[in-house]
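Quick notes on the structure that follows.
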Amino acid sequence: MVDAPVESLPTELRILILQRCLDLSTLRSIVHASPVYHQTYLSIRHDLLLAMLDRNYDGLVDISDAITAIRSRGLYACFPSNKEKILALLDCRRRSEEICRLRLPSAPDAPQQPKDVDEILALLKLHEIAMYFLNDYSHHPVRPKWIDPTKWEEEILPLKLSKIEKIRFLRALYRHQILANIFGPRDNPVNESPRWGELNTWLDEKIFAHEEAWGVFLGTLDPWEIGELGCVWEYLRDKYRAPYNEIAQDMQQYPTKSGSVTIPDPPRGNLALDGDDLHADDESIEALAAIGPVFCFKFLHQATYRGRRDMVLANYHRTVYCLPNMHVMASEALPLLYPADRFNFGYDYQGFRDLVATLPPWQQPNIAFQWYFVGIIEEEDGCAVFETYYDLKTPHIERWAYAIWDEKRLIEWNAPQNYDDAIDAS
304 MVDAPVESLP
314 TELRILILQR
324 CLDLSTLRSI
334 VHASPVYHQT
344 YLSIRHDLLL
354 AMLDRNYDGL
364 VDISDAITAI
374 RSRGLYACFP
384 SNKEKILALL
394 DCRRRSEEIC
404 RLRLPSAPDA
414 PQQPKDVDEI
424 LALLKLHEIA
434 MYFLNDYSHH
444 PVRPKWIDPT
454 KWEEEILPLK
464 LSKIEKIRFL
474 RALYRHQILA
484 NIFGPRDNPV
494 NESPRWGELN
504 TWLDEKIFAH
514 EEAWGVFLGT
524 LDPWEIGELG
534 CVWEYLRDKY
544 RAPYNEIAQD
554 MQQYPTKSGS
564 VTIPDPPRGN
574 LALDGDDLHA
584 DDESIEALAA
594 IGPVFCFKFL
604 HQATYRGRRD
614 MVLANYHRTV
624 YCLPNMHVMA
634 SEALPLLYPA
644 DRFNFGYDYQ
654 GFRDLVATLP
664 PWQQPNIAFQ
674 WYFVGIIEEE
684 DGCAVFETYY
694 DLKTPHIERW
704 AYAIWDEKRL
714 IEWNAPQNYD
724 DAIDAS
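The numbers in our numbering rise by one with no breaks, and the one at position 399 of the sequence shown is 702.
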C-alpha cells in the first residue's frame, strides 16, 4: 500500500511520479495500490501511456509496423470477408507517411498514432514481448559454423547489439507478427475443439494467389528487409527445436491403436493423429514458427512440460504456407512495389549505390547483403539489381543472421565475403 504522505502529495507531484514509471508493471503496482493514484492515472492515462510507449520504443521501432501488427489480429486470410480489410490495412501501412503528409481521407486509419488507450496498452504489451526476444537474441544467437564453439561461448557471447542491429531485429520481428496474423496458421487454443475448417488455408481456397499474397506485403519491403525477416524466422524456428524434439521423443511411446489417438489426456484442441506424428517433423516446427512471435512467447513461458506439449498438439500442422515457401522468383518480384520501388534501378548498379549512400544507416542494406547480392559478379553477368537475390533461396545464411549484423561485427567474425563461400561455411 502506498504510504499516506505519498498519497497526500499535490497532483503535480503525483503525475510526476507516474511519469517516472518505466513499464506497465511498475505503473500497475502504484495505481492498484492507491485510489488516489488511480484517479490521477485516469485523468492523464492517454498522454501518460503514449509517452511511456515512446520512451520504450527509443527510436528502435517503426510505429506503423507495430500498429499494423496489432490491427491485423484476427484478419485471417482464409475468410473471404477479410480480404478487402487486409488489402486496406496493408495499403495504409505502406503508404502511411504519404497519407498523413497529404492529409488524405484515409489519414485517420493510417498507422501513425494509436487510436485509443486500449491500442496503446496492446502496443506496450507487444513491445514487452519484442524486447524479451531482443534480449534473448543477444544471448542465444545461432553460432556461425566457421566460429569455434568454445570461442563463441566464452569470448563472443553475450553480444552487445548496436542500435542498428536492434532496429533490424525488431523491424523483422514486428513484420513477422503481421505476416503470421494474416497468412500464418491460426493459433488453436488448447481447450477448444479443433477448428479443422479454419486452419488459414487461404491458398487452397484461392482467396489470395501466391503472387498476390507476396505483393501486398513482402513485395513492398526493401529486399534486404526480407532477408532480415528470414533471419528472425530462423531464430524463432530454432527456439522451438529443443522443446519440440523433447515432446516428439516422449510422444513416440504412445502407438496408434486402430487409428485412434492413444496420447494420454490429450488437450481438447488436439490436432495430432497419434504419438508418432510429431517425430522428426521439421514441417511442424515451421508451422509453429509461422504462428508468430506472440505464440512463441506464450509457448516458451509455459510453466510445465504438459503446457508446452498441449500447445504443440493443439497446433500440429504440416505443409503450412509460411515464409520460406512464400518465396518468389525475380521475374515475379521485380519491379519492386511502392515504397520499395525507389530501388528499381534495372541494371544501374551505380545508381543504386548512390541512392543507398544518401539513406540513414538503418535504411541501408548491411554489408553482407551487399557482398552476396549487389556485387561485381551480378554486373558482369548482366543481372538486374536484386535478380540474383530473388532467384536464390537463402535459409543457410539466414541461419546465422547474415542480414542483421553490422560490418564491424562481420569483419571481426571473419565472415565469408562472397555468396558461394558463405553457403559452404553455413
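All C-beta atoms, glycine included, are put in the ideal place defined by N, C-alpha and C.
Remember, predicted model here, so these are calculated numbers, not experimental data.
- With 16 or more other Cβ atoms inside 10 Å of its own Cβ, Tyr693 counts as buried.
- In this structure, the alpha-carbon of Arg406 lies about 27 angstroms from that of Arg348.
- For Thr697, the secondary structure class from DSSP, reduced to helix, strand or coil, is coil.
- A Cβ-Cβ distance of about 7 angstroms is found for the pair Glu537 and Val445, placing them in contact under the 8 angstroms criterion.
- By the neighbour-count criterion, in which a residue is buried when 16 or more other Cβ atoms sit within 10 angstroms of its Cβ, Ser375 is buried.
- Residues of the same chain with a CB within less than 8 angstroms of the CB of Ala380, apart from the 5 flanking positions on each side, are Lys386, Ile389, Ile485, Phe486, Asn503, Trp505, Ile510, Phe511 and Ala516 in chain order.
- Setting aside the 5 residues that flank it on each side, Asn491 is surrounded in the same chain by Pro497, Arg498, Gly572, Leu574, Ala617 and Asn618, each with a C-beta closer than 7 angstroms to its C-beta; the list follows chain order.
- A residue is called buried once 16 or more other Cβ atoms fall within 10 Å of its Cβ, and Arg331, having fewer, is exposed.
- Annotated three-state conformation of Ala687 is coil, per DSSP.
- One thing to note: Thr343 has its Cβ no nearer than 8 angstroms to the Cβ of Leu378.
- Residue state for Leu330 is assigned as helix, using DSSP reduced to three classes.
- Residue range Ile366 to Arg374 is occupied by the alpha helix (DSSP H) that includes Arg374.
- Taking a C-beta distance under 8 angstroms as the contact criterion, Glu690 and Leu640 do not qualify as a contact pair.
- The C-beta of Ile714 has fewer than 16 other C-beta atoms within 10 Å across all chains shown, which makes the residue exposed.
- The stretch 594-613 and the stretch 513-528 do not touch, with fewer than 3 CB-CB distances between them shorter than 8 angstroms.
- The way I'd put it, the stretch 348-359 does touch the stretch 424-436; three or more beta-carbon pairs between them come closer than 8 angstroms.
- Nearest in C-alpha terms to Phe676, of all of Ala725, Trp665 and Trp703, is Ala725.
- Annotation: Gln666 is outside any alpha helix (DSSP H) and is labelled neither H nor E by DSSP.
- One alpha carbon belongs to His443, the other to Phe655, and they sit about 35 angstroms apart.
- Straight-line spacing of the CA atoms in Pro546 and Leu603 works out to 9 angstroms.
- For Ser465, the three-state secondary structure derived from DSSP is coil.
- The Cβ atoms of Val493 and Leu393 do not sit closer than 8 angstroms to each other.
- DSSP, read as helix, strand or coil, puts Ser441 in helix.
- By the CB criterion at 8 angstroms, Trp703 and Ser729 fall inside the cutoff.
- DSSP places Gly530 in the uninterrupted alpha helix (DSSP H) bounded by Pro526 to Met554.
- Secondary structure within the stretch 602-677: the alpha helix (DSSP H) runs of 4 or more consecutive residues, fully enclosed, are 608-617, 633-636, 652-660 and 670-676 (chain order).
- Taking all protein chains in view, the Cβ of Asn438 is surrounded by fewer than 16 other Cβ atoms within 10 Å, so the residue is classified as exposed.
- It is roughly 12 angstroms from the alpha-carbon of Pro408 to the alpha-carbon of Glu401.
- Cβ-Cβ distances below 7 angstroms link Cys395 to Ile402, Ser409, Asp412, Ala413 and Pro414 in the same chain, with the five nearest sequence neighbours on each side left out; the list follows chain order.
- As the crow flies, the alpha-carbon of Asn721 is around 43 angstroms from that of Met554.
- Each of Tyr340, His335 and Cys324 was checked against the Cα of Pro313, and the nearest Cα belongs to Tyr340.
- Setting aside the 5 residues that flank it on each side, Thr371 is surrounded in the same chain by Leu392, Arg396, Pro414 and Ile481, each with a C-beta closer than 7 angstroms to its C-beta; the list follows chain order.
- DSSP places Arg406 outside any alpha helix (DSSP H), giving it a letter other than H or E.
- With a threshold of 16 other beta carbon atoms within 10 Å, Ala433 meets it and is buried.
- Approximately 5 angstroms separates the beta-carbon atoms of Arg471 and Glu531; this is inside 8 angstroms, confirming the contact.
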